[in-house]
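So in my numbering, spot 212 of the sequence shown is number 210, and the numbers just go up one at a time.
Quick reminder that beta carbons are idealized off the backbone N, C-alpha and C, glycines included.
Structure first, commentary second.
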Amino acid sequence: MALNYRKKALPIPRIYQLDYTTFMREYRNQRPVIIPDIVSTWSPITKWTPQYLTNVLKLNYEDRLQVFVSKDNKHFINHPDVTQLVTMSAQEFASHVFPDDLETAVDTADDDHTRYYLRTFSMPDVLFCDVDQQRQVDELLTLLVSKVKDSNGRHDQNEDKIPQCDGQNTDMFIEKETDMNMNIDKKTDETRAVWEDFLSPISLSDDDDVHVSDGVQEDHDVKKKLAEEVEVQKHTDSDGEVAENDDIHMRQTMFQEMHSRIFNCKTMQLWIGTRGNITPLHYDRNHGLLAQISGRKELVLFSHEDTAFLYPHPTYSDRAHTSRINLRRINESSYAALFSKLKEAQPYTCILKPGELLYMPPFWWHDVTSLDNCVSVTLPWDIDGYEEVPPCMLR
Ligand SMILES: O=C(O)CCC(=O)C(=O)O
-1 MALNYRKKAL PIPRIYQLDY TTFMREYRNQ RPVIIPDIVS TWSPITKWTP QYLTNVLKLN
59 YEDRLQVFVS KDNKHFINHP DVTQLVTMSA QEFASHVFPD DLETAVDTAD DDHTRYYLRT
119 FSMPDVLFCD VDQQRQVDEL LTLLVSKVKD SNGRHDQNED KIPQCDGQNT DMFIEKETDM
179 NMNIDKKTDE TRAVWEDFLS PISLSDDDDV HVSDGVQEDH DVKKKLAEEV EVQKHTDSDG
239 EVAENDDIHM RQTMFQEMHS RIFNCKTMQL WIGTRGNITP LHYDRNHGLL AQISGRKELV
299 LFSHEDTAFL YPHPTYSDRA HTSRINLRRI NESSYAALFS KLKEAQPYTC ILKPGELLYM
359 PPFWWHDVTS LDNCVSVTLP WDIDGYEEVP PCMLR
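So, in structure tokens, the structure goes:
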């Protein structure tokens, strides 16, 4: 997208081997970053073939898949004049986004300008199990929370107590279609039962107020302290050893809590769609991790500090977290005049490639265009009680 901003768009950095200390110091709550070497080794990168995803969608949704269908390639995917939420069979949806012959599909898409976008508001159990694997959880949380060793050099012993999908072999969904109906109900019930009692009680949605109950507040105070102390304080005297053990214990608790908050099948979202799909300029109140499984997406981000230049819908509107600006039109002179302050905003851009993970701080504005047929996963996590809502967002 060649956009005519006054301020030159800045690239979002790609940082390999990003560590916890650098993440806390430079990015968390401050600016976006692309992490190229975590999701790239996740099992969904190779496992989520078109056939596998089609099987899972069929078994989860059968003929009740709710898909955004847009006949227009220039407007928002969720513009009510051009986009409908259509209920269709998983098979039909798959035939659009996973066509056997990609060349033909691209030509067809260009001909009739029809785009298809599935966005789930929770994660199908089978796919969730593929994401919530011990090694994958460990690697991501080591970056976000910092993994600690006890005084004997051992890693967190309590991790074993966290229910995980590790034992779940989801390869069964590569089976022949006829065998699958029998398996799915049993499988999803079992998986759900493991998770139901353990999931984070802190719900998350665009509309949620940031709310921390009294009981949780104490824990958040502990985390505030941890967040400020990026390095674990090392002590040598006996009092110091106690302090270090306390610190390790707190970090282990935090690790477990973050596991259930980030790897949460009720808040994780799946995005599958055709190229050309647009998610218009909006912000979320949570920390965002966008994991790109296949295809590329182009993103334009703005800091929350630029909110005054981004023309949000009125606060009373149900679209208060979205902008009135369609970034595809800003080079039109009449449009530019209407939204003249946009020139003051500082855009950050990237093309997110398969295997890459984008961290977006809370309240950062983002606009997303699918450059290819894409599969992505969003892992949002709600902000903590001590993380203040930026004053510019209190409209
Ligand atoms: O991928 C998209 O189309 C939108 C993703 C998004 O808005 C998010 O992850 O918050």
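Quiz item: Taking the beta strand (DSSP E) that ILE349 falls in, what are its first and last residues?
Solution: 346 to 350
Quiz item: Would the C-beta of SER394 count as close to ligand 1, meaning under 7 Å from any of its heavy atoms?
Solution: No information on residue 394 is available, as it lies outside the stretch -1 to 393 that the chain covers here.
Practice problem: Starting from ASP365, trace the alpha helix (DSSP H) both ways and give me its first and last residue. | Solution: Not the alpha helix (DSSP H): ASP365 falls in the beta strand (DSSP E), residues 363 to 368.
Exercise. Compare the Cα-Cα distances from GLN131 to each of ASP282, ALA343 and TRP40 and report the closest residue.
Key: TRP40
Exercise. Can you grab the Cα-Cα spacing for the pair GLU137 / ILE36, in whole Å?
Key: 7 Å
Self-check item: Option in LYS69, VAL84 and GLN89 with minimal Cα separation from ARG113
Solution: LYS69
Self-check item: Contact belief for THR140 with TYR18 at Cβ below 8 Å, rounded distance in angstroms
Solution: 7 Å
Quiz item: Would DSSP call GLU296 helix, strand or coil?
Solution: strand
Quiz item: Out of curiosity, what's the CA-to-CA distance linking ARG133 and MET248?
Solution: 22 Å
Self-check item: Under 8 Å between C-beta atoms of PRO122 and LEU287
Solution: no
Exercise. State the beta-bridge partners of TRP379 as determined by DSSP.
Key: HIS285
Quiz item: Nearest CA to the CA of LEU355: which residue from PHE300, ASN371, PRO310 and HIS285?
Solution: HIS285
Practice problem: Apply the 10 Å Cβ neighbour rule to ASP382 and answer buried if 16 or more other Cβ atoms are within range, or exposed otherwise. | Solution: buried
Exercise. Can you grab the Cα-Cα spacing for the pair VAL84 / MET266, in whole Å?
Key: 22 Å
Quiz item: Cβ-heavy atom distance between ASP380 and ligand 1 below 7 Å?
Solution: no
Quiz prompt | Run of the alpha helix (DSSP H) containing LEU141, from where it starts to where it stops | solution = 132 to 142
Exercise. In the DSSP assignment, find the unbroken alpha helix (DSSP H) run with THR52 in it and report its ends.
Key: 48 to 59
Self-check item: C-beta atoms of ARG273 and SER374 nearer than 8 Å
Solution: no
Quiz item: Assuming PHE300 and PRO345 make a contact with CB atoms under 8 Å, what is their CB distance in whole Å?
Solution: 6 Å
Quiz item: What number of angstroms, rounded off, separates the C-alpha of PHE119 from the C-alpha of THR376?
Solution: 10 Å
Exercise. Measuring alpha carbon to alpha carbon, tell me which of GLU385, ASP370 and CYS372 ends up nearest ARG430.
Key: Nothing in the structure corresponds to residue 430, since the chain is present only between -1 and 393.
Quiz prompt | Cβ neighbour criterion (16 or more within 10 Å) applied to HIS280 | solution = buried
Quiz item: Is the CB-CB distance between LEU125 and PHE91 below 8 Å?
Solution: no
Quiz prompt | Cut-off 6 Å between Cβ atoms - residues of its own chain near THR277, not counting five sequence neighbours on either side | solution = VAL366
Practice problem: State buried or exposed for LEU308, treating a residue as buried only when at least 16 other CB atoms are found within 10 Å of its CB. | Solution: buried
Quiz item: Which residues bound the alpha helix (DSSP H) around GLN15?
Solution: Where GLN15 is concerned, there is no enclosing alpha helix (DSSP H), given that its DSSP letter is neither H nor E.
Quiz item: Nearest to LEU116 by CA position, among ASP169, THR52, SER144 and VAL129, is which residue?
Solution: THR52
Self-check item: Inter-residue Cα distance where the pair is SER292 and GLU242
Solution: 43 Å
Quiz item: Thinking just about the alpha-carbon of each residue, which of HIS257, GLU296 and ASN167 is nearest to the one in ASN275?
Solution: GLU296
Practice problem: Quickly, what does DSSP pair GLN267 with across the bridge? List them, please. | Solution: THR376
Quiz prompt | Best match in PRO378, MET358, TRP363 and ASN371 for proximity to ARG29 [C-alpha to C-alpha] | solution = MET358
Practice problem: State yes or no: is the C-beta of TRP40 nearer than 7 Å to some heavy atom of ligand 1? | Solution: no
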